[in-house]
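Residue numbering for the sequence shown follows our numbering, starting at -9 and increasing by one per position.
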Amino acid sequence: MLASTSYQQPCVGPSGRDAAPKRISAAPVCVSTSTLRGEARRAACVTLRRQTNQLSERLQAGKVRHRARIRSRMTGRTPTQMCGIIGIFKHEGPANVELFEGLLMLQHRGQDSAGMVTFDGTRFCEHKDNGLVNDVFNPKTMKQLRGNVGIGHVRYPTAGSSSAQEAQPFFVNSPLGMYLIHNGNLTNTEELRAGLEGSQSFFNRHLRTDSDSEVLLNVLADEVHRAHQRCMADGSCDPHRDVKQLVFQAGAATMGALRGAYSCICLIRGVGLVAFRDPFGIRPLVLGSRERNGRTEWCVASEDCAFGPIGFHRVRDVAPGEMIVISETGELESQQCVPGQTCPCIFEYIYLARPDSVLNDVPVYSFQLGLGTRLAQRIKQMGWDIDCVVPVPDGSRPAAIQISAELGLPYREGLVKNRYVGRTFIMPDQHTRELSVRRKLNAMPVVFEGRSVLLVDDSIVRGTTMSQIVDMVRRAGARKVYLASASPPVRYPNVYGVDMPTRREFVAYNKTEAEICAELGADGLLYQSVEDLISAARELNPSIKEFDTSCFTGEYVTKDVGPEYLELLEKSVRTKDRSRPGRQLSLNGALPAVPAVAGTAA
């Protein structure tokens, strides 16, 4: 008889909308019960079962990827982040469950893919794929992730593509065997890539993806090779006993070669857990610890909000330019590989980090309250007639609460959010974005009718959402609509790990505040000033002398980003949008419209 198996796989067509289902069929297997006997018959049955199992796995993978694409459009604020990283060392017991719990706490930083690798003292165990943490990991895959030390990653692609091949961690077999996870974005990726693939590399390395994280890993691996060769040549150390020192030397050389933002965690065979941060400390990286049976266990993560649920407490931030090595027996050693200066990206505190995190000794929630205090002082000078303060959910709530308290005005939740609709500025066209706003938010007339209201948002980037909200609030009966943004106007792209639209797509591009107000249809508009933004952070940690405010001022702390770089970046974004219609953009990018699936959890 002729047996064949087929299934329908969810597909996304060129426009990003669901296309006709794609049917995938197995090659027919001829199994004749009348002619096959004994071993031949058993072999044919085994072949058929194997093909059926392979198709079942492909079907499940297709469902997971499709569900992840839909859910990433339905989770409100969270699809707009970049990456979250975590590493855990334990003396006893598997690290996989705590890595999983930590990744769930960092899910807001990336929803495109998730990955984890553990080490059991003999071999690495790895699993990664596209999708949310709960989609990528299941009891079967978790059981395979053996070992007391491991690293985990959630990703939103800011450089490269959103293919499963570019899910992290990345691996190189030589030297030692190294896995790496990375949060940030390099600004000299192509220069480094050319060096790795050419004669400048110790080995002529082959890079399989477009990801800057793979480039970073190979630069580090190359420098470990070089340090080993120097050690062998001059006899300054025993390369087998002093491998940790070779890693520190390689770290210093790597940081000297890299430009841009990078917070990284590595898992290196024979060394242990390695964490390091760029000399400006642009992206966050926090060290935590806990005591178990009289011994110290360690955790390193993008945000300390990941520590509490798994029993760790915050120790300190990893310093800019510092490398930390946690050995396979749990001893921690650190070195300042290159001089560092703390210049964190201030957009982390406004928009990216969770309010229950503390970054660079700045509590995010307290910072956001401070933004509200400073906005309130300026609102008093505007002479606006305001009846109540209403936040645009969710990130603006702390600022809005503080504004209402400072002004002595009622705080009202007048906009009800539907969490099963994707974020509007990642929709593919204006009409779709407008429809999405109406589905995503609903204005309550009981709050707005006959009142003059102040709407507070954490940021206004493209302006699509806000203009529709203003119209919606007016239709709900508002007499006047005033706007306050907790951040200054966004006028420049962030090149350090937050994917933004091109400059011409910003609502504030080449416009005055009055022109922006008119475009949004509001009766008044007030942005936070850059000075007040910095003041709110420095009040909480006066030791930070400089912040990266590049998306507001166009001044980049690494001093290597100019008009030519930005023009090339914009061309790259436009090219990727045309060539990858299904690619999401982290902040105000293009995203195919996929109908919401009833019953799918956010």
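Beta carbons are placed, not taken as given, at the ideal position from N, Cα and C, and that holds for glycine. Here the structure is a predicted model, which means the values were calculated and not measured.
Cβ-Cβ separation, leucine 515 to isoleucine 506 (assumed contact under 8 Å), whole Å: Residue 506 sits at position 516 when you count from the first residue of the sequence shown. Residue 515 sits at position 525 when you count from the first residue of the sequence shown. Correct: roughly 6 Å between the Cβ atoms.
Reference glycine 262; option with closest CA among Arg113, Val308 and Pro383: Taking the first residue of the sequence shown as position 1, residue 262 is located at position 272. Among Arg113, Val308 and Pro383, the Cα nearest to that of glycine 262 is on Arg113.
Where valine 205 falls: helix, strand or coil (DSSP): Translated into positions along the sequence shown, residue 205 becomes position 215. If DSSP states are grouped into helix, strand and coil, valine 205 belongs with the helices.
Completely contained alpha helix (DSSP H) runs for the stretch 142 to 187, where each covers 4 or more residues: 179 to 187
N- and C-terminal bounds of the beta strand (DSSP E) containing arginine 285: To locate residue 285, count along the sequence shown from 1; it is residue 295. For arginine 285, the enclosing beta strand (DSSP E) covers residues 285 to 291.
Stretch-stretch touch, CB-based, cutoff 8 Å, three pairs: the stretch 154 to 164 with the stretch 235 to 247: No, the stretch 154 to 164 does not touch the stretch 235 to 247.
Best match in Ile391, Asn408 and Asp461 for proximity to valine 446 [C-alpha to C-alpha]: Position 456 of the sequence shown, counting from 1, holds the residue named residue 446. Nearest C-alpha to valine 446: Ile391.
First and last residue of the uninterrupted beta strand (DSSP E) at alanine 265: Translated into the one-based positions of the sequence shown, residue 265 becomes position 275. Run containing alanine 265: 262 to 267, per the beta strand (DSSP E) assignment.
Validate contact between the stretch 374 to 387 and the stretch 431 to 445 using beta carbons, cut 8 Å, 3 pairs: yes
Buried or exposed (CB count within 10 angstroms, at least 16 for buried), glutamine 371: Counting from one through the sequence shown, the residue named residue 371 turns up at place 381. Exposed, since its Cβ has fewer than 16 Cβ neighbours within 10 Å.
Distance between beta carbons of valine 290 and isoleucine 255, contact taken as under 8 Å: By one-based count along the sequence shown, residue 255 stands at place 265. By one-based count along the sequence shown, residue 290 stands at place 300. Correct: roughly 6 Å between the Cβ atoms.
Contact under 7 Å by Cβ, threonine 108 with glycine 74: The sequence position of residue 108 within the sequence shown is 118, counting from 1. The sequence position of residue 74 within the sequence shown is 84, counting from 1. It is not a contact, given that the beta carbons lie outside the stated cut-off.
Backbone CA spacing between phenylalanine 302 and lysine 501 [nearest angstrom]: Counting from one through the sequence shown, the residue named residue 302 turns up at place 312. Counting from one through the sequence shown, the residue named residue 501 turns up at place 511. Take the alpha-carbon of phenylalanine 302 and the one of lysine 501: they are about 47 Å apart.
Simplified DSSP assignment, three categories, for isoleucine 545: Here residue 545 refers to the residue found at position 555 of the sequence shown. The residue you asked about is not isoleucine; residue 545 is glutamate in the sequence shown. Coil, per DSSP.
Lysine 535: first and last residue of the uninterrupted alpha helix (DSSP H) it sits in: As a working mapping, residue 535 is identified with position 545 in the sequence shown. First-last for lysine 535: undefined, no H or E at that position.
Distance CB(proline 269)-CB(proline 310) smaller than 7 Å: Taking the first residue of the sequence shown as 1, we reach residue 269 at position 279. Taking the first residue of the sequence shown as 1, we reach residue 310 at position 320. Against a cut-off of 7 Å, the Cβ pair of proline 310 and proline 269 comes out as a contact.
Own chain partners of cysteine 227 with C-beta closer than 8 Å, once the 5 adjacent residues on each side are dropped: For this step, residue 227 is matched to residue 237 along the sequence shown. Counting only Cβ-Cβ distances below 8 Å, and skipping sequence neighbours, we find Cys221, Gln235 and Leu236.
Host alpha helix (DSSP H) of asparagine 128 (start-end): Position 138 of the sequence shown, counting from 1, holds the residue named residue 128. Per DSSP, asparagine 128 lies in no alpha helix (DSSP H) segment and is marked neither H nor E.
Candidates Gly142, Cys115 and Tyr146, of which the one nearest lysine 133 by Cα: One-based indexing of the sequence shown puts residue 133 at position 143. Nearest C-alpha to lysine 133: Cys115.
Rounded straight-line distance, which links the Cα of alanine 433 to that of alanine 466: In the sequence shown, the residue the question calls residue 466 occupies position 476. In the sequence shown, the residue the question calls residue 433 occupies position 443. Their backbone Cα atoms lie some 6 Å apart in a straight line.
Top-ranked residue by Cα proximity to arginine 428, from Asn408, Ile171 and Val436: The residue given as residue 428 occupies position 438 in the sequence shown. Here the closest residue by C-alpha is Asn408.
Beta-ladder partner(s) of lysine 118, from DSSP: Start at 1 with the first residue of the sequence shown, and residue 118 comes out as number 128. For lysine 118, which the question treats as bridged, DSSP gives the partners Gly105.
Distance between aspartate 346 and serine 386 (C-alpha atoms, nearest Å): Within the sequence shown, numbered from 1, the residue matching residue 386 stands at position 396. Within the sequence shown, numbered from 1, the residue matching residue 346 stands at position 356. Going from the Cα of serine 386 to the Cα of aspartate 346 covers about 14 Å.
Host beta strand (DSSP E) of leucine 510 (start-end): Numbered from 1 along the sequence shown, position 520 holds the residue referred to as residue 510. No beta strand (DSSP E) contains leucine 510, which is instead part of the alpha helix (DSSP H) from 503 to 510.
Beta strand (DSSP E) segment containing glutamine 326, residue limits: Start at 1 with the first residue of the sequence shown, and residue 326 comes out as number 336. It spans 322 to 326 - the beta strand (DSSP E) in which glutamine 326 sits, taken as one unbroken run.
Any 3 or more C-beta pairs closer than 8 Å across the stretch 517 to 535 and the stretch 471 to 481: Under the three-pair Cβ rule at 8 Å, the stretch 517 to 535 counts as touching the stretch 471 to 481.
Contact with chain B by glutamate 503, beta-carbon distance below 7 Å: In summary, chain B is missing from the structure at hand, where a single protein chain is found.
Rounded distance between the beta-carbons of valine 354 and arginine 344, thought under 8 Å: Start at 1 with the first residue of the sequence shown, and residue 344 comes out as number 354. Start at 1 with the first residue of the sequence shown, and residue 354 comes out as number 364. Correct: roughly 7 Å between the Cβ atoms.
Run of the beta strand (DSSP E) containing proline 381, from where it starts to where it stops: Looking up residue 381 in the sequence shown gives position 391. Proline 381 -> beta strand (DSSP E) spans 378 to 381.
Among Val144, Gly404, Asn173 and Asn86, the one whose alpha carbon lies nearest that of aspartate 110: Here the question's residue 110 lines up with position 120 in the sequence shown. Measuring from the Cα of aspartate 110, the nearest candidate turns out to be Asn86.
Member of Glu557, Leu397 and Trp288 whose CA lies at the smallest distance from the CA of proline 483: Stepping through the sequence shown from its first residue, residue 483 is reached at position 493. Minimum Cα distance to proline 483 is reached at Glu557.
Distance, leucine 197 Cα to methionine 95 Cα: Numbered from 1 along the sequence shown, position 105 holds the residue referred to as residue 95. Numbered from 1 along the sequence shown, position 207 holds the residue referred to as residue 197. Each residue's Cα considered, the two are about 31 Å apart.
Proline 353 - partner residues in DSSP beta bridges: Residue mapping note: residue 353 aligns to position 363 of the sequence shown, counting from 1. Its beta-bridge partners are Val348.
Range covered by the beta strand (DSSP E) that runs through aspartate 307: As a position in the sequence shown, residue 307 is number 317, starting the count at 1. From DSSP, the beta strand (DSSP E) with aspartate 307 extends over 303 to 307.
Validate contact between the stretch 395 to 402 and the stretch 544 to 560 using beta carbons, cut 8 Å, 3 pairs: no
Under the three-state DSSP convention, the category glycine 467 falls into: As a position in the sequence shown, residue 467 is number 477, starting the count at 1. In the structure shown, glycine 467 sits in coil (DSSP, three-state: anything other than H, G, I, E or B).
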